[in-house]
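Novice: When we follow my numbering, the leftmost residue of the first sequence carries the number 1248, and every step to the right adds one. In this text, a Cβ means the ideal position worked out from N, Cα and C, and glycines have one as well. My questions all concern the structure below.
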Amino acid sequence: MFVYNIIEIGNYRGNIMENKNRVIFHVDVNSAFLSWEAAYRMHLGSSIDLREIPSVVGGDVESRHGIVLAKSMPAKECGIKTGETLYKAREKCPELVIVPPNFQLYIMYSDELIEILKEYTPDIQKFSVDECFLDFTGMEHMYKDPVALAYEIKGRIKKELGFTVNIGISNNKLLAKIASDLKKPDMVHTLYPSQIEEKMWPLPVEALFMVGKATAPKLHRLNINTIGDLARYDRNILKQKFKSFGTMIWSFANGIENSQVRSDSHIDVKCIGNSTTQPFDVKDMETARKVLLFLCETVCLRLRNSKNLCSLVAVSMRNSEFINYSRQRKLDYYTDSTIKVWNIACELFKEGWKGDAIRNMGVRVSKLCSNDFMQISMFDDRNVEKMRALDKTIDNIRMKYGSYAIVRCSFLNSGLNAINGGYRL
DNA sequence: TCTGGGGTCCTAGGACCC
DNA sequence: TCTGGGGTCCTAGGACCC
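Rendered as structure tokens:
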């Protein structure tokens, strides 16, 4: 999203000057999945507000999806973290209320949020299901005070949709994002360059965008513990140790970032993937082929919907020891055919599989191009047009009557889901 | 004890060509 | 028989984000 747009040190001043007049908001839904569950349940008349009790949105333990996806503030106070196992969460808080996720609902709320925001500016970049950037640059005649505007937007969302957001304001996306993360929930914060030293530098270095659990310990070994430590560190040493990533996080620590707010229509998708953890370990080729087929079904449906073709297919595996490995192949043609992608995925699995027990499998297609003109491989069989027509027919039936309206007979009585996941944040 | 899913980008190492 | 180096492409793996 920020793209790895490293500004060389010579442009440092220039960057500040360029950004000086920009007005960027970052809107972040507080504990999104949980807030949306709570808002929806209250809308249906529930007297319990999940946000006010220790609660989490979590997957199903039985089918090995048992992790925390979102937590309430009281759950956070018990020490519960997003991503940890429900087992651990329950240990920390025995009275914890766990509700299953409902991705359709989240997409609905996300769309409603965007509809409200669109009333204020057309320059919106949806960064994820619960976050987006807004650009108000050049709109000073309409909105004189950005902070007052943020309060108005925040208030409307709360009143009309029933959940709270944090809004961060600055003159670039990075600072706006860090601002929205400062203190939660239901708050508006500014983080202008003049406030970096006071508001951002005292924060732990982990609070910086792109500093995750692998990078943080490496920085600590260099005695870099706060964002300020990183900002003041020798940039050349960071470059030497971490390559371009080093100069990027150094720039971020100094508040330097100048990417544009890009509305969704200007963002080209780079890859489409679907992976799933099975309730049981896959130990034979026949089951693997079935799992790969339903993964390919959703991936290729989405590929065709995006009006793209792909020329790279990848298969990933995670075994029962939690070791990940993968296999990929570049094609010398482009395709969006379910059967074709599936055949390649099966070959890749066969080549790569080490014979171990597989808990998670994934299929991903990339190196996409528009399907406006389809270059049919010289060596393609003559059924290409027929296969495309078949895929299109199946897509139409599924979109009209639902995913399960038409199911391949190999899934009948197989104990597997014919269509998997496919929700897109 | 149990550990999701959807993305983007970077890098090391090897193959291959000139 | 033993020896270059530069460039590009591909694969596998891993980092980060939500």
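Which ranges does the alpha helix (DSSP H) cover as unbroken runs of at least 4 residues, wholly within the stretch 1330-1385, from first to last along the chain?
Specialist: You should have 1333-1339 and 1350-1365.
Novice: Leaving out five residues on either side along the sequence, give the residues of the same chain with a beta carbon under 7 Å from the beta carbon of N1618.
Specialist: Position 371 of the first sequence, counting from 1, holds the residue named residue 1618. Excluding residues within five positions, the ones whose Cβ falls inside 7 Å are K1554, N1555, L1556 and D1583.
Novice: Does the distance from the CB of R1346 to the CB of E1284 come in under 7 Å?
Specialist: Looking up residue 1346 in the first sequence gives position 99. Looking up residue 1284 in the first sequence gives position 37. According to the sequence as given, residue 1346 is Val; it is not Arg. The answer is yes: Cβ separation under 7 Å.
Novice: Quick check on L1455: does DSSP put it in helix, strand or coil?
Specialist: On the first sequence, residue 1455 is found 208 positions in, with the first residue counted as 1. In this structure, L1455 counts as coil in the three-state DSSP scheme.
Novice: Drop a sphere of 10 angstroms on the beta-carbon of L1291, count the other beta-carbons inside from all chains shown, and report buried for 16 or more, exposed for fewer.
Specialist: For the purposes of this step, residue 1291 is taken as residue 44 along the first sequence, with counting starting at 1. Exposed: under 16 other Cβ atoms inside 10 Å.
Novice: Can you find the residues in the same chain that come closer than 7 Å, C-beta to C-beta, to Q1525, ignoring five residues on each side of it along the sequence?
Specialist: As a position in the first sequence, residue 1525 is number 278, starting the count at 1. Counting only Cβ-Cβ distances below 7 Å, and skipping sequence neighbours, we find V1538 and R1606.
Novice: Does the contact criterion of 3 or more C-beta pairs under 8 Å hold for the stretch 1592-1610 versus the stretch 1632-1646?
Specialist: Because the criterion of three Cβ pairs below 8 Å is not met, the stretch 1592-1610 and the stretch 1632-1646 do not touch.
Novice: On the CB-based measure, 16 or more other CB atoms within 10 Å of its CB, does Y1572 come out buried or exposed?
Specialist: Counting from one through the first sequence, the residue named residue 1572 turns up at place 325. Exposed, by the Cβ-count rule.
Novice: Can you tell me where the beta strand (DSSP E) holding A1317 begins and where it ends?
Specialist: Residue numbering aside, residue 1317 sits at position 70 when the first sequence is read from its first letter. Its beta strand (DSSP E) spans residues V1315 to K1318.
Novice: May I ask you to report which of helix, strand or coil DSSP gives I1253?
Specialist: Within the first sequence, residue 1253 is the residue found at index 6, counting from 1. In this prediction, I1253 has a pLDDT of 41, which is less than 50 and means its spatial position is unreliable; what the coordinates show is noted afterwards. I1253 falls in the coil class under three-state DSSP.
Novice: Do you know offhand how far G1261's Cα is from D1528's?
Specialist: Indexing the first sequence from 1 puts residue 1261 at position 14. Indexing the first sequence from 1 puts residue 1528 at position 281. The predicted model places G1261 with a pLDDT of 48, which falls under 50 and marks its position as unreliable; any figure quoted below should be read in that light. In a straight line, the C-alpha of G1261 is about 55 Å away from that of D1528.
Novice: Which residue marks the beginning of the alpha helix (DSSP H) containing D1579, and which one marks its end?
Specialist: Here residue 1579 is taken as the residue at index 332 of the first sequence, counted from 1. Taken as a continuous stretch (DSSP letters only), D1579 belongs to no alpha helix (DSSP H), being part of the beta strand (DSSP E) at N1571 to T1582.
Novice: Which first and last residues belong to the alpha helix (DSSP H) in which M1495 is found?
Specialist: Looking up residue 1495 in the first sequence gives position 248. R1482 to A1500 is the span of the alpha helix (DSSP H), which, as asked, contains M1495.
Novice: Given T1585, which residues of its chain have a CB within under 7 Å of its CB, disregarding the five upstream and five downstream residues?
Specialist: Here residue 1585 refers to the residue found at position 338 when the first sequence is read from its first residue. Hits under 7 Å: C1543, E1544, C1547 and D1638.
Novice: Compare the Cα-Cα distances from M1532 to each of F1596, N1590, A1478 and E1342 and report the closest residue.
Specialist: Here residue 1532 corresponds to residue number 285 of the first sequence, with the count starting at 1. If we check each option's Cα against that of M1532, F1596 comes out closest.
Novice: Is it buried or exposed for T1640, if we count other Cβ within 10 angstroms and need 16 for buried?
Specialist: Within the first sequence, numbered from 1, the residue matching residue 1640 stands at position 393. The residue in question, T1640, is exposed, as its Cβ has fewer than 16 Cβ neighbours within 10 Å.
Novice: If you drop the 5 nearest sequence neighbours on each side, which residues of the same chain put their C-beta closer than 6 Å to that of D1377?
Specialist: The residue given as residue 1377 occupies position 130 in the first sequence. Counting only Cβ-Cβ distances below 6 Å, and skipping sequence neighbours, we find V1276 and A1279.
Novice: Quick check on F1569: buried or exposed, where buried means 16 or more other Cβ atoms within 10 Å of its Cβ?
Specialist: Counted from its first residue, the first sequence places residue 1569 at position 322. Exposed, since its Cβ has fewer than 16 Cβ neighbours within 10 Å.
Novice: Under 7 Å, do V1516 and V1560 count as touching if we go by C-beta distance?
Specialist: Translated into positions along the first sequence, residue 1516 becomes position 269. Translated into positions along the first sequence, residue 1560 becomes position 313. Result no, Cβ atoms of V1516 and V1560 do not sit closer than 7 Å.
Novice: Which residues bound the alpha helix (DSSP H) around I1591?
Specialist: Start at 1 with the first residue of the first sequence, and residue 1591 comes out as number 344. Per DSSP, I1591 belongs to the alpha helix (DSSP H) from T1585 to G1599.
Novice: Do L1381 and T1368 have their beta-carbon atoms positioned less than 7 Å apart in this structure?
Specialist: Numbered from its first residue, the first sequence carries residue 1368 at position 121. Numbered from its first residue, the first sequence carries residue 1381 at position 134. Yes, they are a contact pair.
Novice: Confirm, please, whether the CB-CB distance from P1393 to V1270 is below 7 Å.
Specialist: Position 23 of the first sequence, counted from the start, is the residue given in the question as residue 1270. Position 146 of the first sequence, counted from the start, is the residue given in the question as residue 1393. Contact flag set, yes.
Novice: Which same chain residues, not among the five before or five after Y1439, have their C-beta less than 7 Å away from its C-beta?
Specialist: Your numbering for residue 1439 matches position 192 in the first sequence. Same-chain partners within the cutoff: S1417 and N1418.
Novice: State the Cα-Cα distance for the pair G1313 and S1282, rounded to the nearest angstrom.
Specialist: As a position in the first sequence, residue 1313 is number 66, starting the count at 1. As a position in the first sequence, residue 1282 is number 35, starting the count at 1. Their backbone Cα atoms lie some 20 Å apart in a straight line.
Novice: Evaluate Q1487 with the Cβ neighbour count: other Cβ atoms within 10 Å of its Cβ, from every protein chain shown; 16 or more gives buried, anything less gives exposed.
Specialist: Sequence index remark: in the first sequence, residue 1487 carries index 240 (1-based). The residue is exposed, with fewer than 16 neighbouring Cβ atoms inside 10 Å.
Novice: Check the C-beta distance from V1329 over to L1316 and give it rounded, since I have them as a contact under 8 Å.
Specialist: Numbered from its first residue, the first sequence carries residue 1329 at position 82. Numbered from its first residue, the first sequence carries residue 1316 at position 69. The question names Val, but residue 1329 is Thr in the sequence shown. Confirmed, about 7 Å.
Novice: Determine the closest residue to Q1442 out of V1562, E1387 and A1426, with distance taken between C-alpha atoms.
Specialist: Here residue 1442 corresponds to residue number 195 of the first sequence, with the count starting at 1. Selected option, being the one with the closest Cα: A1426.
Novice: From the DSSP output, read off the bridge partner residues of S1302.
Specialist: Start at 1 with the first residue of the first sequence, and residue 1302 comes out as number 55. Answer is V1344.
Novice: Helix, strand or coil, according to DSSP, for P1526 in the structure here?
Specialist: In the first sequence, the residue the question calls residue 1526 occupies position 279. The answer is strand: DSSP assigns P1526 an E or B state.
Novice: Contact check, D1433 vs T1411 under 8 Å by CB: the rounded distance?
Specialist: As a position in the first sequence, residue 1433 is number 186, starting the count at 1. As a position in the first sequence, residue 1411 is number 164, starting the count at 1. Indeed they touch by this definition, with Cβ atoms about 4 Å apart.
Novice: Please classify V1654: does DSSP put it in a helix, a strand, or coil?
Specialist: The residue you call residue 1654 lines up with position 407 of the first sequence. Reduced to three states, the DSSP call for V1654 is coil.
Novice: Would you check if there are 3 or more beta carbon pairs closer than 8 Å linking the stretch 1494-1509 to the stretch 1475-1484?
Specialist: Because the criterion of three Cβ pairs below 8 Å is met, the stretch 1494-1509 and the stretch 1475-1484 touch.
Novice: Between which residues of its own chain and R1288 is the CB-CB distance below 6 Å, once the five residues before and five after are set aside?
Specialist: Start at 1 with the first residue of the first sequence, and residue 1288 comes out as number 41. Cβ neighbours of R1288 beyond the five flanking positions: none.
Novice: If you follow the beta strand (DSSP E) that C1557 is part of, which residue opens it and which one closes it?
Specialist: To locate residue 1557, count along the first sequence from 1; it is residue 310. Unbroken beta strand (DSSP E) run through C1557: N1555 to N1566.
Novice: Within this structure, are the beta carbons of Q1372 and R1574 separated by less than 7 Å?
Specialist: What you label residue 1372 is simply residue 125 of the first sequence in a count that begins at 1. What you label residue 1574 is simply residue 327 of the first sequence in a count that begins at 1. No.
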